[in-house]
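Colleague:
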């Protein structure tokens with residue numbers, strides 16, 4: 001990306017400091033904390049999926065949006081005129097299309113110079129360059145095949161049972177799958193697609209310790225023991241894309257704290273020497289303070305994966321956990337549908353190779369600042385069909401088609417779910433520990 005100090009990990013600055021004195025004054029505060037500033041504001045996206053703020057200064061009142069269909073970056077007119085040259089922004093507005101300075105073949109534009117290794121530097125900022133240090137998770141040696149047993153799972157905020165689906169895809173034998181979920185449509189999907197395999201236990205807030213010390217074991221201990229605890233709390237009140245967010249301590253944001261609470265109850269007790277794994281997921285676009293709070297309570301730093309590496313949609317997510325090999329690169333398999341065209345029904349043509357993040361918002365399937373429909377059918381533009389969205393996420397076709405659920409409701413279910421190929425990537429090493437089907 002483009003930063004204005006040589007100490008910044010992503011962008012270079014020319015040595016002639018006097019020529020950019022105004023820029024230094026303008027960005028003085030931001031430069032002192034550029035990585036956290038960029039993480040907080042560089043990923044605040046508008047409804048079109050573009051950056052709301054400038055890629056250089058992470059602010060700006062008026063921005064130019066890149067017309068490259070595979071790009072979502074913005075540059076404010078102030079930075080363009082200041083660093084590239086006076087009048088450049090006006091010329092870009094009049095001209096069409098405009099391609100940003102990260103997408104052009106040329107490296108240097110006025111005072112801006114793109115680092116050749118900027119993707120890896122940015123990955124380092126977002127994924128595993130930690131500002132907090134925790135003890136490394138306990139490593140469990142793989143078990144001999146004859147000692148592997150079926151897995152016992154506690155799924156919190158279960159959604160549409162993505163965890164169970166992936167375990168079955170990996171042919172891992174599941175002995176018990178306990179799920180906390182309150183959405184009736186999501187429960188309908190789980191009970192229909194996995195009949196008799198899921199035990200639903202209701203609202204996570206009601207899974208509590210008994211009041212009296214001698215009134216019996218905790219409910220979670222009655223259901224256990226567990227080998228795997230998974231979950232991803234609602235992101236609506238912590239995601240920076242929501243201007244009305246309440247934060248991690250209010251409304252749905254505070255539901256996060258139930259995950260470490262129940263994770264602690266599910267962990268093996270002293271003297272139990274058996275493999276135990278857990279995974280927690282949430283959005284990348286959150287305030288750095290919230291990320292620190294989550295990391296502190298989970299005593300772990302996250303890794304970041306974007307589902308675009310294994311699917312036809314962007315979906316940046318943080319994952320905390322102790323699964324083996326969580327830091328390994330996300331690599332697509334031959335069965336992954338990497339292009340939108342591969343996800344479409346017959347006779348329909350994709351206008352884009354990948355779509356922006358699909359959320360619960362019906363408009364999220366439209367692309368770019370022009371709100372373009374992603375599909376052409378019979379010379380007319382069209383939205384993604386539900387079966388096509390299911391393929392984008394990696395679900396079987398018609399997976400969410402239960403109990404007369406509407407299209408809008410099905411998109412909401414998918415918008416809150418996990419990307420199946422990403423979870424498959426994370427769960428794959430569990431085959432070294434648990435019995436196969």
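Numbering (my numbering), first residue to last: 1 to 437.
Each residue gets a CB set at the ideal place from its N, CA and C atoms; glycine is no exception.
Fair warning: this is a prediction, and the values are worked out from it, not measured in the lab.
Cα separation between residue 308 and residue 399?
Modeller: Translated into the one-based positions of the chain shown, residue 308 becomes position 308. Translated into the one-based positions of the chain shown, residue 399 becomes position 399. If you take the alpha carbons of residue 308 and residue 399, they lie about 21 Å apart.
Colleague: Among residues of its own chain, excluding the 5 on either side of residue 435, which ones have a beta-carbon nearer than 6 Å to its beta-carbon?
Modeller: Residue numbering aside, residue 435 sits at position 435 when the chain shown is read from its first letter. So the qualifying residues of the chain are 148, 149, 150, 173.
Colleague: Identify, in the order they occur along the chain, each residue of the same chain with its Cβ nearer than 7 Å to the Cβ of residue 286, setting aside the five sequence neighbours on each side.
Modeller: Indexing the chain shown from 1 puts residue 286 at position 286. For residue 286, where only same-chain residues beyond five positions count, the Cβ hits under 7 Å are 238, 239, 240.
Colleague: Along the alpha helix (DSSP H) that carries residue 60, what are the first and last residues, could you check?
Modeller: In the chain shown, residue 60 corresponds to position 60, counting from 1. Premise fails: residue 60 is in no alpha helix (DSSP H) and is neither H nor E.
Colleague: Under the three-state reduction of DSSP, which class applies to residue 272: helix, strand or coil?
Modeller: Position 272 of the chain shown, counting from 1, holds the residue named residue 272. It is coil, neither helix nor strand.
Colleague: Tell me, which residues are paired with residue 380 by DSSP?
Modeller: If you number the chain shown from 1, residue 380 lands on position 380. Bridge partners of residue 380: 377.
Colleague: Where do the N-terminal and C-terminal ends of the beta strand (DSSP E) with residue 285 fall, by residue?
Modeller: Against the chain shown, residue 285 aligns to sequence position 285. Here residue 285 belongs to no beta strand (DSSP E), and DSSP marks it neither H nor E.
Colleague: Could you tell me if residue 374 is buried or exposed, where buried requires 16 or more neighbouring beta carbons within 10 angstroms of its beta carbon?
Modeller: Here residue 374 corresponds to residue number 374 of the chain shown, with the count starting at 1. Result: buried.
Colleague: List the residues that DSSP assigns as beta-bridge partners of residue 350.
Modeller: Here residue 350 refers to the residue found at position 350 when the chain shown is read from its first residue. Bridge partners of residue 350: 375.
Colleague: Determine the extent of the beta strand (DSSP E) in which residue 76 is found, giving its start and end residues.
Modeller: Counting from one through the chain shown, the residue named residue 76 turns up at place 76. Run containing residue 76: 74-76, per the beta strand (DSSP E) assignment.
Colleague: Please report how far the alpha carbon of residue 68 lies from the alpha carbon of residue 257, in whole angstroms.
Modeller: Start at 1 with the first residue of the chain shown, and residue 68 comes out as number 68. Start at 1 with the first residue of the chain shown, and residue 257 comes out as number 257. Rounded to whole angstroms, residue 68 to residue 257 spans 41 Å at the Cα level.
Colleague: Under the DSSP definition of a beta bridge, which residues are partnered with residue 200?
Modeller: If you number the chain shown from 1, residue 200 lands on position 200. Paired residue(s): 179.
Colleague: Please list the terminal residues of the continuous alpha helix (DSSP H) segment that includes residue 236.
Modeller: For the purposes of this step, residue 236 is taken as the residue at position 236 of the chain shown. Looking at the DSSP string, residue 236 is not in any alpha helix (DSSP H), and its letter there is neither H nor E.
Colleague: What is the DSSP secondary structure of residue 326, counted as helix, strand or coil?
Modeller: Along the chain shown, read from residue 1 onward, the residue named residue 326 stands at position 326. Three-state result, residue 326: coil.
Colleague: Count the other C-beta atoms from every protein chain shown that fall within 10 angstroms of the C-beta of residue 313, then say buried if there are 16 or more, exposed otherwise.
Modeller: One-based indexing of the chain shown puts residue 313 at position 313. So residue 313 ends up on the buried side.
Colleague: If the criterion is Cβ atoms closer than 8 Å, does the pair residue 343 and residue 337 meet it?
Modeller: Locating residue 343 in the chain shown gives position 343, counting from the first residue. Locating residue 337 in the chain shown gives position 337, counting from the first residue. In contact: residue 343 and residue 337 (Cβ atoms closer than 8 Å).
Colleague: Taking the straight line between their C-alpha atoms, what separation do you get for residue 272 and residue 141?
Modeller: By one-based count along the chain shown, residue 272 stands at place 272. By one-based count along the chain shown, residue 141 stands at place 141. Roughly 15 Å between the two C-alpha positions.
Colleague: Quick check on the DSSP output: the beta strand (DSSP E) that includes residue 98 runs from which residue to which?
Modeller: Here residue 98 is taken as the residue at index 98 of the chain shown, counted from 1. No beta strand (DSSP E) holds residue 98; DSSP gives it neither H nor E.
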